[in-house]
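Asker: For reference, the structure I am asking about is given below.
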Amino acid sequence: MYRMTDEEFEAAIEEALDAMPDQFLTALENVAVVWDDEPSAYHLGIDEGEWDAWHEAVVSAAEQGSNAEGALAEDNLSGEVFAEDDDLLGDDLLGLFDGLSLVERASGGYDDDIPDVITVFKGPHERCFASREEIVEEIGKTVIHELGHYFGLDDDKLYEMGY
590 MYRMTDEEFE AAIEEALDAM PDQFLTALEN VAVVWDDEPS AYHLGIDEGE
640 WDAWHEAVVS AAEQGSNAEG ALAEDNLSGE VFAEDDDLLG DDLLGLFDGL
690 SLVERASGGY DDDIPDVITV FKGPHERCFA SREEIVEEIG KTVIHELGHY
740 FGLDDDKLYE MGY
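Read left to right, the sequence shown gives residues 590 to 752 (our numbering).
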């Protein structure tokens, strides 16, 4: 498991955003791109007790160098927003778009007081990928994936596109 400094991780996210075509970046309205060490219970859509069990299973498996899929399967935390490669620590949330897509915004009722948020999670990237190069590459994929949700693409389409 490769560990990045906070500064390295933030710089990798900035590099991913800088690599985006200008027309995509100019289309972003009221969207913040941030990072956090780990997904919270809120990010996972579960209560605090389930989060404690999830986090303990993931971190424990990572420290032991094993795959956490078996431990996590008991918590029913699988879903389209999680990494799905068999050789990853399955069910680790790499990123999340929390907001309304452009399609949803166009249908009315959008209140732009609070920005929509794309969060990229550091811990899962470090646990799932073995080298700095892999982490940086996957951060780029995660940013594109979450921006895809902002533009109205669903997980099936994003996975079909390689994200």
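We put the CB at the ideal spot given by N, CA and C, even for glycine.
Keeping to the same chain, check which residues put their C-beta closer than 7 Å to that of His-714; ignore five residues upstream and five downstream.
Answerer: Here the question's residue 714 lines up with position 125 in the sequence shown. Excluding residues within five positions, the ones whose Cβ falls inside 7 Å are Leu-683, Ile-724, Glu-727 and Ile-728.
Asker: So if DSSP puts Asp-625 in a beta bridge, which residue, or which two residues, is it bridged to?
Answerer: Looking up residue 625 in the sequence shown gives position 36. Paired residue(s): Phe-710.
Asker: Mapping DSSP to helix, strand and coil, what is Asp-705?
Answerer: In the sequence shown, the residue the question calls residue 705 occupies position 116. Strand, per DSSP.
Asker: So is Gly-697 buried or exposed if we call it buried at 16+ other beta carbons inside 10 Å?
Answerer: Numbered from its first residue, the sequence shown carries residue 697 at position 108. By the 10 Å Cβ count, Gly-697 comes out exposed.
Asker: Between Met-590 and Arg-694, is the Cβ-Cβ spacing less than 7 Å?
Answerer: Within the sequence shown, the letter at position 1 stands for residue 590. Within the sequence shown, the letter at position 105 stands for residue 694. Result no, Cβ atoms of Met-590 and Arg-694 do not sit closer than 7 Å.
Asker: Could you give the distance in angstroms between the alpha-carbon of Leu-691 and the alpha-carbon of Ala-605?
Answerer: For the purposes of this step, residue 691 is taken as the residue at position 102 of the sequence shown. For the purposes of this step, residue 605 is taken as the residue at position 16 of the sequence shown. Cα to Cα, the separation comes out at about 21 Å.
Asker: Going along the chain, which residues of its own chain have a beta-carbon closer than 8 Å to the beta-carbon of Tyr-699, five neighbours each way excluded?
Answerer: Looking up residue 699 in the sequence shown gives position 110. Closer than 8 Å at the Cβ level, and outside the excluded window around Tyr-699, lie Leu-689 and Glu-693.
Asker: Mind reading off the beta-carbon distance from Thr-731 to Val-709? Whole number of angstroms is fine, and I expect it under 8 Å.
Answerer: As a position in the sequence shown, residue 731 is number 142, starting the count at 1. As a position in the sequence shown, residue 709 is number 120, starting the count at 1. About 5 Å separates the Cβ atoms of Thr-731 and Val-709, confirming a contact at the 8 Å cut-off.
Asker: So, with DSSP's three-state summary, where would you put Asp-687?
Answerer: One-based indexing of the sequence shown puts residue 687 at position 98. Three-state DSSP puts Asp-687 in a strand.
Asker: Exposed or buried, what is Ala-621 when buried is set at 16 or more other beta-carbons lying within 10 Å of its beta-carbon?
Answerer: On the sequence shown, residue 621 is found 32 positions in, with the first residue counted as 1. Flag for Ala-621 reads exposed.
Asker: With DSSP as the reference, please indicate the residues paired to Val-725 in a beta bridge.
Answerer: Sequence index remark: in the sequence shown, residue 725 carries index 136 (1-based). According to DSSP, Val-725 bridges with nothing at all.
Asker: Could you check the C-alpha separation between Phe-686 and Leu-736 for me, to the nearest Å?
Answerer: For the purposes of this step, residue 686 is identified with residue 97 of the sequence shown, where counting begins at 1. For the purposes of this step, residue 736 is identified with residue 147 of the sequence shown, where counting begins at 1. If you take the alpha carbons of Phe-686 and Leu-736, they lie about 8 Å apart.
Asker: Could you compute how far the alpha carbon of Asp-681 sits from the alpha carbon of Trp-640?
Answerer: The residue given as residue 681 occupies position 92 in the sequence shown. The residue given as residue 640 occupies position 51 in the sequence shown. Looking at the two C-alpha atoms, the distance is approximately 12 Å.
Asker: Are the CB atoms of Gly-712 and Glu-627 nearer to each other than 7 Å?
Answerer: Numbered from 1 along the sequence shown, position 123 holds the residue referred to as residue 712. Numbered from 1 along the sequence shown, position 38 holds the residue referred to as residue 627. It is a contact, given that the beta carbons lie within the stated cut-off.
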